[in-house]
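S.K.: In my numbering, the protein residues as written are 63 to 294. All C-beta atoms in this analysis are idealised placements derived from N, C-alpha and C, irrespective of residue type, glycine included.
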Amino acid sequence: MEIIDKALKEGRETLSEYESKIILASYQIPITREIMVETRNDVIPAANEIGYPVVMKGCSPEITHKTEKGLIQTDIRNDSEALDAFNDIIASMNGIKGTILVQEMIKGKRELVIGLIRDPQFGPCVMFGLGGIFTEILKDVSFRLAPLEKRDTLEMMDEIKAHKILDSIRGMEPVDREILSEMLINVGRIGIENDNIKEIDINPVIISGSRPIAVDALIALQSKPSTETERV
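#1: Which word fits T136, buried or exposed, when buried means at least 16 other C-beta atoms lie within 10 angstroms of its C-beta?
#2: Excluding the five sequence neighbours on either side, which residues of its own chain have a C-beta within less than 6 Å of the C-beta of I93, listed in chain order?
#3: Give me the Cα-Cα distance between C121 and I134, rounded to the nearest whole angstrom.
#4: Between E292 and Q284, what straight-line distance do the alpha-carbon atoms span, to the nearest angstrom?
#5: Can you grab the Cα-Cα spacing for the pair P236 / Q90, in whole Å?
#6: Expressed to the nearest angstrom, what Euclidean distance is found between the alpha-carbon atoms of V203 and P186?
#7: Rounded to whole angstroms, what is the Cα-Cα separation between L210 and V249?
#8: In angstroms with no decimal places, state the Cα-to-Cα distance between E111 and K226.
#9: Taking 8 Å as the threshold (C-beta atoms), are E96 and Q183 in contact?
#10: Check K71 in the structure and name its three-state DSSP category.
#11: Assign G177 to one of three DSSP states: helix, strand, or coil.
#12: So, using beta-carbon positions, are G160 and N265 closer together than 8 Å?
#13: Return the first residue and the last residue of the alpha helix (DSSP H) that A147 is part of.
#14: Tell me the rounded alpha-carbon separation between E290 and E261.
#15: Excluding sequence positions up to five away, which residues of its chain have a Cβ less than 8 Å from the Cβ of V116?
#16: Exposed or buried, what is G157 when buried is set at 16 or more other beta-carbons lying within 10 Å of its beta-carbon?
#17: According to DSSP, is F184 helix, strand or coil?
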């Protein structure tokens, strides 16, 4: 894949959020609508094309923890706020070479995580669980070896302790498990078809209405694919 090849030639071990999402979208994984901007003059046209309210983020392969570094601003509602956010994020990047993502603001109270790790022995393993700030705290996740079939994905959804979050609760629609299932299957496909991908972290996947959408993503690379035990 061209994006991966280019990054490896540049000696990089990670893709930017923007690059990561291009790969996800190429595998029919729903992502946020977003525009990458490089200058202040690009901000207002991009924000108006996406439509307020928007989210703005610093975007660079060198950036992993954007929230802690003040590189995300949400609920931006007009041109003035967008320009202020651009200035603030650029200042917070402290000279890191990168761009700004102008992104649609996805509203939803439920957050999930989908990921992939490449085990040296078993190969690509898909992960699913409770997302957002609770991922590292609660570690409520389920794993399966890729490739996945639909029954595998449905079992993963039922295995997490917070599985009822996928149901109709407090006036919220049940999560579209068909879309979620396809997302998990396709993340597994990415791992199988791209040996140079070491990890995928899609967090959060926000449930908008009933539809899961990948709001943030990070793909880690490896220049030399690890030797994988042949699966029977």
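M.R.: On the basis of the coordinates in this document:
#1: exposed
#2: K83, L86, A87, A276
#3: 10 Å
#4: Per-residue confidence for E292 stands at a pLDDT of 42, beneath the threshold of 50, marking its modelled position as unreliable; the derived number appears in the next sentence. When rounded, the distance between both Cα atoms is 19 Å.
#5: 21 Å
#6: 16 Å
#7: 9 Å
#8: 36 Å
#9: no
#10: helix
#11: strand
#12: no
#13: 141-154
#14: Confidence in E290 is poor, its pLDDT being 47 and thus under 50, which makes the residue's placement unreliable; the coordinate value appears in the next sentence. Roughly 15 Å separates the two Cα atoms.
#15: A109, I138, A144, V164, Q165, E166, M167
#16: exposed
#17: coil
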